[in-house]
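Enquirer: Each residue of the sequence shown is one higher than the one before, starting from 7 at the first, in the numbering used here. Just dropping this structure here.
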Amino acid sequence: MLVVMKAQATAEEIQAVCDHIEVMGYRPHPMPGAQRTAIGITGNQGEVDRGNLEEMSGVAEVIRVSKAYKLASRDVKEEDTIIHFAGTDATIGGRNLAIVAGPCSIESREQAFAIAEKVAASGAQFFRGGAYKPRTSPYAFQGLGLDALRIMAEIRDTFGLRIITEALDNESLDLVAEWADVVQIGARNMQNFSLLKRAGRLRMPVLLKRGMSATLDEFLMAAEYIMSEGNYEVILCERGVRTFADHTRNTLDLSIVPAVQKHSHLPILVDPSHGTGKRDQVLPMARGAVAVGADGLMIEVHHQPEKALSDGPQSIYPEQFARMMDEIEQIAPIVHRELPRGIHVETAATKPHDSSIR
Ligand code: PEP
Ligand code: MN
């Protein structure tokens with residue numbers, strides 16, 4: 007159920023409707039839009055009893071949302087969600103492309119800084135690097151954990167880059183939330199519902215990667231899990247799905263971009279690194295991703311990929327990343343986008359901070 011407020015509804019009227027929804031035993035999710043505020047209702051087992059919501063002051067209409075996902079849906083919010091990063095000009099969603107670049111794993115301070123310097127020089131605004139790695143083999147490199155988070159915090163202080171890194175479980179979620187700017191939930195955890203709910207209790211952006219065999223509905227329902235707990239800053243990321251094809255590691259499904267954009271207001275990035283698994287396919291698929299209208303890219307970059315402790319074969323060299331930026335900059339205007347170069351930081355970094363679970 008969705009309560010659509012009148013365009014001229016006051017903050018008090020919106021609050022009164024939210025209070026009333028709580029009294030009814032449900033959870034209100036006010037979603038301000040450019041034209042009007044809509045209030046999503048969750049917490050109901052079956053049909054929501056409309057009560058006298060329709061008669062309340064400032065209410066335009068009360069409508070049933072037929073889709074399984076509500077808060078992620080365009081029915082609740084027509085305009086694209088744009089996520090802002092306090093104290094900077096960086097955004098994810100909207101006109102500017104968001105470029106996330108960095109190694110698969112943080113391997114050492116030297117390695118991380120060497121790569122960060124290069125991707126910052128090419129104009130990336132976000133730095134990625136695994137601290138906690140979901141590896142197929144328990145004997146493979148598992149990540150440097152907290153040491154990696156500390157290295158990335160230093161990278162933020164030095165280059166201004168905002169930090170995106172994966173949380174694998176409850177314990178790493180708390181640490182990543184404390185040290186990073188965006189918490190990544192990986193493909194293998196896309197349906198780890200308890201982790202999704204916990205991420206939903208954070209008040210910071212969550213980047214949710216598509217599961218290896220997830221349908222569009224399953225992907226959006228995973229986002230809904232996060233949003234249903236009150237965290238509306240969800241960024242989706244297509245990273246390829248499993249198919250019979252063996253010329254790539256995964257099959258990058260670029261068609262999910264317009265499909266997501268039709269049904270959801272959430273931003274969607276594309277990761278052609280995991281999506282192809284092959285260095286020479288990353289640049290062409292990055293161009294394609296921008297051309298189909300992705301809100302940004304996640305790219306694995308390594309200065310010595312032959313020595314990388316994870317995902318070397320799909321990591322591009324810094325020079326290739328620089329070329330990619332030049333090429334997508336030219337494609338961007340055709341799809342009404344712009345590529346910002348570099349991040350402007352107005353206020354000093356505030357991390358590590360208390361982004362504790364509410
Ligand atoms: C990653 O981005 O480092 C990663 C492990 O990706 P995925 O969850 O898509 O496999
Ligand atoms: Mn990787």
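All C-beta atoms in this analysis are idealised placements derived from N, C-alpha and C, irrespective of residue type, glycine included. The model shown is predicted, which means the values in this text are computed figures rather than measured ones.
So, for residue 311: in the same chain, excluding its five sequence neighbours on each side, which residues have a beta-carbon less than 6 Å away from its beta-carbon?
Expert: 318, 321
Enquirer: State the CB to CB distance for the pair residue 280 and residue 302, rounded to an integer number of angstroms; the pair is presumed to be in contact (CB under 8 Å).
Expert: Wrong, their Cβ atoms sit about 15 Å apart, outside the cutoff.
Enquirer: Output the distance between the C-alpha atoms of residue 272 and residue 115, rounded to the nearest integer angstrom.
Expert: 34 Å
Enquirer: Taking the alpha-carbon positions, what's the residue 25 to residue 132 distance?
Expert: 38 Å
Enquirer: Mapping DSSP to helix, strand and coil, what is residue 26?
Expert: helix
Enquirer: Looking only at its own chain, which residues have a Cβ that is under 6 Å from the Cβ of residue 215, when we skip the five neighbours before and after it?
Expert: 192, 193, 243, 245
Enquirer: When you compare only the Cα positions, how much space is there between residue 267 and residue 237?
Expert: 19 Å
Enquirer: Would you list the residues whose beta-carbon is nearer than 5 Å to any heavy atom of the ligand MN, in the order they occur in the chain?
Expert: 110, 317
Enquirer: Could you spell out where the beta strand (DSSP E) holding residue 190 opens and where it closes?
Expert: 188-191
Enquirer: For residue 285, does the three-state DSSP call read helix, strand or coil?
Expert: helix
Enquirer: Which residues mark the beginning and the end of the beta strand (DSSP E) in which residue 322 is found?
Expert: For residue 322, there is no enclosing beta strand (DSSP E), as DSSP marks it with neither H nor E.
Enquirer: By the DSSP assignment, the alpha helix (DSSP H) with residue 35 in it spans what residues?
Expert: Run containing residue 35: none in the alpha helix (DSSP H); it sits in the beta strand (DSSP E), 33-38.
Enquirer: Going by the C-beta, is residue 277 closer than 7 Å to any heavy atom of the ligand PEP?
Expert: Correct: residue 277 has its Cβ closer than 7 Å to the ligand PEP.
Enquirer: Alpha carbon to alpha carbon, how far is residue 104 from residue 128? Give it in angstroms, no decimals.
Expert: 13 Å
Enquirer: Here's the rule I'm using: 16 or more other beta-carbon atoms within 10 Å means buried, otherwise exposed. How should residue 350 be labelled?
Expert: exposed
Enquirer: Whose CA, out of 108, 141, 305, lies closest to the CA of residue 157?
Expert: 108
Enquirer: At 3 residues or longer, and completely inside the region 114-177: list those beta strand (DSSP E) runs for me, N to C.
Expert: 132-134, 168-172
Enquirer: What does the Cβ neighbour count give for residue 13, buried or exposed, with the cut at 16 atoms within 10 Å?
Expert: exposed
Enquirer: Report yes or no: do the region 116-123 and the region 137-145 share at least 3 C-beta pairs separated by less than 8 Å?
Expert: no
Enquirer: Determine the direct distance from the alpha carbon of residue 23 to that of residue 253, and round the result to whole angstroms.
Expert: 54 Å
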